[in-house]
Amino acid sequence: MNIKSVIPDKIPIEILESERYDQYEVLILYALAINGPLKREKFINKEGIDNRINKNTFHKYANNLLKQQLIENYHVGRKSEYKITTKGEDELLRRLKDYSLDFQTINKLEQERIEKKIPKLIKFLDDFEIADTEIKLEFLDLINVITH
Numbered sequence: 189m190n191i192k193s194v195i196p197d198k199i200p201i202e203i204l205e206s207e208r209y210d211q212y213e214v215l216i217l218y219a220l221a222i223n224g225p226l227k228r229e230k231f232i233n234k235e236g237i238d239n240r241i242n243k244n245t246f247h248k249y250a251n252n253l254l255k256q257q258l259i260e261n262y263h264v265g266r267k268s269e270y271k272i273t274t275k276g277e278d279e280l281l282r283r284l285k286d287y288s289l290d291f292q293t294i295n296k297l298e299q300e301r302i303e304k305k306i307p308k309l310i311k312f313l314d315d316f317e318i319a320d321t322e323i324k325l326e327f328l329d330l331i332n333v334i335t336h
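Counting from 1 along the sequence shown, just add 188 to a position and that's the residue number in the working numbering.
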């Protein structure tokens, strides 16, 4: 399988060349973490494009990720799209550590994950007019404990 056309030059070679039992799951999680929501067709082979996952293989691994609540499936019109959940982002980072990736790759993903959360946290703090710095820090610490 060569899923590289889904996210060109963004998948670390250690994952592409891996023969680990969870390679397909990691590829799906990684693609969603890097690109955001993707249509099912971006993952699946079709006529003229044979360097993606076959339909049955994709559904097997996507369904497993759905059951674990690592990804979500929703419909836009008649098209099925997938997106990674916060739990999925955390799990991806945990699994990537098993691939012996360089610090920079893992750090970049962690930064992107945190940057996605910042606007929501700021909105929450503003909505409830929380101005005290100590309370803000305590809240952020609590959020970190809950999500990990």
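Every residue, glycine too, gets a C-beta built ideally from N, C-alpha and C.
C-beta contact flag for residue i and residue j at 8 Å
i	j	result
residue 280	residue 209	no
residue 297	residue 275	no
residue 294	residue 285	yes
residue 253	residue 216	yes
Distance, residue j Cα to residue i Cα
i	j	result
residue 189	residue 330	Bear in mind that a pLDDT of 42 at residue 189, under 50, signals an unreliable position, so the number given afterwards is only what the model happens to contain. The straight-line gap from Cα to Cα measures roughly 42 Å.
residue 214	residue 314	36 Å
residue 272	residue 223	10 Å
residue 207	residue 310	42 Å
residue 248	residue 212	10 Å
residue 204	residue 301	22 Å
residue 220	residue 288	20 Å
residue 251	residue 202	24 Å
residue 327	residue 242	45 Å
residue 320	residue 312	14 Å
residue 282	residue 306	21 Å
residue 290	residue 199	13 Å
residue 244	residue 262	19 Å
residue 256	residue 232	21 Å
residue 324	residue 292	29 Å
Range of the contiguous alpha helix (DSSP H) that encloses residue i
i	result
residue 213	211-223
Next on the checklist: Could you tell me which whole beta strand (DSSP E) segments of length 3 or greater appear in the stretch 265-307?
Outcome noted: 267-272
Next on the checklist: Using 8 Å as the cut-off, can you tell me whether the stretch 251-268 makes contact with the stretch 218-233, which would need three or more C-beta pairs spanning the two stretches below that distance?
Outcome noted: When C-beta atoms of the stretch 251-268 are compared with those of the stretch 218-233, three or more pairs fall below 8 Å, so the two segments count as touching.
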